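Engineer: Residue numbers (our numbering): 344 to 625. Positions of the beta carbon are idealized from the N, C-alpha and C atoms, including for glycine. Please read all numbers here as calculations on a predicted model, not as lab measurements.
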Amino acid sequence: MQTQNPTQPEFPLNEIYEKINSKIETYTDIAAKTHKVETNQARRIINSELENYLTRLQEYWNNKDAHKKGTPTLSLDQGVNIFLEVMQAGLSFSQIAGHVYLSRLKGTGTAVGYQVTVDGMIYLAQKAGAIDHLSEAVIVQTGEQFAILNTPDGRQVADHTILFDGRPMLSFDQLLLGYVYIVYPNGQRELSWIDRNQLDENRQKSPNPGMYNNKTFLQTKVVKHALKKVRNTDLMMQLAAENNEVIQNNMEWEPAPVPVQHPEPAVQSPQPAVQINQSDTF
Numbered sequence: 344m345q346t347q348n349p350t351q352p353e354f355p356l357n358e359i360y361e362k363i364n365s366k367i368e369t370y371t372d373i374a375a376k377t378h379k380v381e382t383n384q385a386r387r388i389i390n391s392e393l394e395n396y397l398t399r400l401q402e403y404w405n406n407k408d409a410h411k412k413g414t415p416t417l418s419l420d421q422g423v424n425i426f427l428e429v430m431q432a433g434l435s436f437s438q439i440a441g442h443v444y445l446s447r448l449k450g451t452g453t454a455v456g457y458q459v460t461v462d463g464m465i466y467l468a469q470k471a472g473a474i475d476h477l478s479e480a481v482i483v484q485t486g487e488q489f490a491i492l493n494t495p496d497g498r499q500v501a502d503h504t505i506l507f508d509g510r511p512m513l514s515f516d517q518l519l520l521g522y523v524y525i526v527y528p529n530g531q532r533e534l535s536w537i538d539r540n541q542l543d544e545n546r547q548k549s550p551n552p553g554m555y556n557n558k559t560f561l562q563t564k565v566v567k568h569a570l571k572k573v574r575n576t577d578l579m580m581q582l583a584a585e586n587n588e589v590i591q592n593n594m595e596w597e598p599a600p601v602p603v604q605h606p607e608p609a610v611q612s613p614q615p616a617v618q619i620n621q622s623d624t625f
């Protein structure tokens, strides 16, 4: 399909800036409470994030690939609400931080939305004090010895012998499962895993099932599965409630159909969840 030229009006960046700037005190209050900093530092955070946000919107517009399936759209209210929600969550638009995607997302038509990345989810969990870190996610392939053992103190740990010599190139057909450890602030480690059957359910619904042959993509799925549980902790709920209170007390909220895709809702599960540092020993 031939790439379309961005002939329609660009995103209303100036209007977005002016509208957000007109409520700068409210955004400053949000940043001060979310990041637990003084007013001056909170103002600097908001100014920096607003610059990052507008820069990324402009870069997205300038990206020819963004116009392949029609010109992307972003209304003034949508643009303001995206910034509000990301600031409310305490996330960053910095590309170095990698907390959010700005893109036309599945099911949103031409409208631009945002999605919290795995790094963003981990950051939120750490910020809330729900976890210390996650180990590196490990993918187990056919032919490798793997078992889940119970320790004397009731923990579950992975007993995994990884093949290095003659290990076949990863493909979904060779996948057994993926696992990761959640490490909590008290030092406790909890094992979380997702098996091939569970991943295959998602793969069959995916518009790009070939991605399930990619190691990094599978590791992301393993981590997301582990973080589902963390999102339901009391600390995470409290953080969200506090931020919502600031919004309700100060912001003239203008509901708009903002195309936002958040991580899947957390579900209670008997499985533990986590990051595997290769230096971790059990």
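Quick check on N493: does DSSP put it in helix, strand or coil?
Structural biologist: On the sequence shown, residue 493 is found 150 positions in, with the first residue counted as 1. In the structure shown, N493 sits in a strand (DSSP, three-state: E or B).
Engineer: Whole alpha helix (DSSP H) runs in the region 392-446 with 4 or more residues, listed along the chain?
Structural biologist: Those alpha helix (DSSP H) runs which fall completely within the region 392-446 and span 4+ residues are 419-432.
Engineer: Comparing alpha-carbon positions, which option in F354, Q517, N556, I474 lies nearest T416?
Structural biologist: Start at 1 with the first residue of the sequence shown, and residue 416 comes out as number 73. Of F354, Q517, N556, I474, the residue nearest in Cα terms is F354.
Engineer: Could you please give the first and the last residue of the uninterrupted alpha helix (DSSP H) stretch that includes D543?
Structural biologist: Here residue 543 refers to the residue found at position 200 when the sequence shown is read from its first residue. Its alpha helix (DSSP H) spans residues 539-548.
Engineer: For K571, does the count of other Cβ atoms within 10 angstroms reach 16, so buried, or fall short, so exposed?
Structural biologist: The residue you call residue 571 lines up with position 228 of the sequence shown. With 16 or more other Cβ atoms within 10 Å, it is buried.
Engineer: Quick check on the DSSP output: the alpha helix (DSSP H) that includes L570 runs from which residue to which?
Structural biologist: As a working note, residue 570 is residue 227 in the sequence shown. Here the alpha helix (DSSP H) through L570 covers 558-573.
Engineer: Cα-Cα, which of P495, L519, E487, I525 is closest to K504?
Structural biologist: Here residue 504 refers to the residue found at position 161 of the sequence shown. Note that residue 504 is Thr in the sequence shown here, rather than Lys. Taking only the C-alpha atoms, the option nearest T504 is E487.
Engineer: Considering only the alpha carbon of each residue, which of V500, I367, L542 lies closest to A490?
Structural biologist: To locate residue 490, count along the sequence shown from 1; it is residue 147. Checked all of V500, I367, L542; the closest Cα to A490 is V500.
Engineer: For E533, list the residues DSSP reports as bridge partners.
Structural biologist: In the sequence shown, counting from the first residue as 1, residue 533 sits at position 190. Answer is I525, bridged to E533.
Engineer: If we count the other Cβ atoms within 10 Å of its Cβ and call it buried at 16 or more, is H605 buried or exposed?
Structural biologist: Mapped onto the sequence shown, residue 605 falls at position 262. Interpretation of H605 is limited by its pLDDT of 39, a score under 50 that renders its predicted location unreliable; the figure taken from the coordinates is listed afterwards. H605 is exposed by the Cβ-count criterion.
Engineer: Between which two residues does the alpha helix (DSSP H) containing D372 stretch?
Structural biologist: Along the sequence shown, one-based indexing puts residue 372 at 29. It spans 367-378 - the alpha helix (DSSP H) in which D372 sits, taken as one unbroken run.
Engineer: Given that a residue counts as buried once 16 or more other Cβ atoms are within 10 Å of its Cβ, and exposed if not, what is K548?
Structural biologist: Taking the first residue of the sequence shown as position 1, residue 548 is located at position 205. K548 should be labelled exposed.
Engineer: Note down, in chain order, each residue of its chain lying with its Cβ closer than 6 Å to the Cβ of D538, except the 5 sequence neighbours on either side.
Structural biologist: Mapped onto the sequence shown, residue 538 falls at position 195. The answer, listed in chain order, is L520.
Engineer: Whole angstroms is fine: what's the gap from Y396's alpha carbon to D508's?
Structural biologist: As a first step, residue 396 must be located in the sequence shown, where it is residue number 53. As a first step, residue 508 must be located in the sequence shown, where it is residue number 165. Going from the Cα of Y396 to the Cα of D508 covers about 46 Å.
Engineer: Please work out which residues of its chain come closer than 6 Å, Cβ to Cβ, to L358, disregarding the five sequence neighbours upstream and downstream, and give them in chain order.
Structural biologist: The count along the sequence shown starts at 1 and reaches residue 358 at position 15. The sequence given here places Glu at residue 358; Leu does not occur at that position. Result list for E358: L419, in chain order.
Engineer: What are the start and end residues of the alpha helix (DSSP H) that includes I482?
Structural biologist: Working through the sequence shown from its first residue, we reach residue 482 at position 139. Run containing I482: none in the alpha helix (DSSP H); it sits in the beta strand (DSSP E), 481-484.
Engineer: Quick check on this structure: which residue in Y524, L356, M554, K379 has the alpha carbon closest to the alpha carbon of H568?
Structural biologist: Within the sequence shown, numbered from 1, the residue matching residue 568 stands at position 225. Minimum Cα distance to H568 is reached at Y524.
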